[in-house]
């Protein structure tokens, strides 16, 4: 396989990954490298469209196709699956993530002590759950996660491992975070796509006739980072918290790797009286950071501050992207659950 690179000042985002597997790829610059006539003819007759038709002929609909902004393990394993293992040319090579059942061991971060320990995980489409066991020989799972609310997102920087994956699910209508990794990138990406496959088949049954369920299989967080917040009376001191914007759920945690959030806020749409405003009310005091944000909901106002003006603008844009989007029917049910939280 030959891979075009546009020239000296522009580089293909995946060219470095292709260079790491020279037995299946040759990377050449259009401008900087010499080209033989035979090579030009090969590229002319075997361009991107022809290569895609060949190497993606049996690509599963649920399989995640990474973009240039995705982490390296997703991009690396996509290239290897496509060209090295030829997984999308032969369906029998897709068994690790397409059979509806997967079992194996992952390193999981302990909820209380923060240590990563080997834990047995089982994903079962038939049972509709992902579960893990504290002991290898244990019969009863430590936790059962329904595929209905399951999500997975690669978080290598947060977990401090190239193959780090954050799994979330709802427990008593609160988000539970589980942090795992595997030293083998293929294993971790196979787990990720197995979860996507299970979600895909669940959504096909739960919401038949929907145009596309692909955006809902797994989702990356809209934004994460530190802000300060005060309490409901707006007289409490501002405290620094880690915030995660997961679709319409805004969670705040003391530490990015906490198992549970200290609190969660539902962010609805502007049609339902939700809005975001720059700044804080003039009467508010006690904040250390100067760039304020006010989130208006039907029940109360939430006050946050950012360290930098750029952070403030980014958070306002993130909130706006959700508030300006009309609510789906199932999101009204989620909003109601938030209002009835104890």
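Numbering (the numbering used here), first residue to last: 70 to 411. In this text, a Cβ means the ideal position worked out from N, Cα and C, and glycines have one as well. Treat the numbers as computed from the prediction; the structure is a model and nothing was measured.
Length of the line joining the Cα atoms of residue i and residue j
i	j	result
residue 122	residue 159	13 Å
residue 348	residue 337	20 Å
residue 406	residue 367	15 Å
residue 306	residue 330	19 Å
residue 393	residue 147	34 Å
residue 359	residue 228	30 Å
residue 234	residue 119	34 Å
residue 124	residue 157	6 Å
residue 79	residue 225	Residue confidence is low: residue 79 scores 32 on pLDDT, short of 50, so the model does not pin down where it sits. Its coordinate-derived value is still stated next. Spanning the two alpha carbons is a distance of roughly 26 Å.
residue 126	residue 132	13 Å
Three-state secondary structure (DSSP) of residue i
i	result
residue 336	coil
residue 223	strand
residue 201	strand
residue 77	Confidence at residue 77 is low in this model, with a pLDDT of 29, below 50, so its placement is unreliable and the value that follows should be read with caution. Three-state result, residue 77: coil.
residue 358	coil
residue 321	strand
residue 121	helix
residue 414	Because the chain in this structure spans residues 70 to 411, residue 414 falls outside the shown range and cannot be described.
residue 212	strand
residue 329	strand
residue 307	coil
Residue environment, residue i, which counts as buried when at least 16 other CB atoms sit within 10 Å
i	result
residue 181	exposed
residue 298	buried
residue 381	buried
residue 102	exposed
residue 151	buried
residue 208	exposed
residue 266	buried
residue 397	exposed
residue 216	buried
residue 274	exposed
residue 251	buried
residue 104	exposed
Residue i CB to nearest heavy atom of the ligand ATP below 6 Å
i	result
residue 105	Among the components of this structure there are no ligands whatsoever, and the ligand ATP is therefore not found.
Nearest neighbour of residue i, chosen from the options [CA to CA]
i	options	result
residue 294	302, 278, 287, 312	312
residue 378	253, 165, 199, 296	296
residue 343	325, 351, 403, 369	369
residue 320	237, 402, 355	237
message = Quick check for students: name the residue ranges of the beta strand (DSSP E) that lie wholly in the segment 219-292, counting only runs of 3 or more.
response = 220-223, 234-240, 243-250
inquiry  = At 3 residues or longer, what runs of the beta strand (DSSP E) sit wholly inside the segment 126-201?
reply    = 170-178, 185-193
task = Could you name each continuous alpha helix (DSSP H) segment of 4 residues or more that falls completely within the segment 356-397, going from the start of the chain to the end?
result = 378-392
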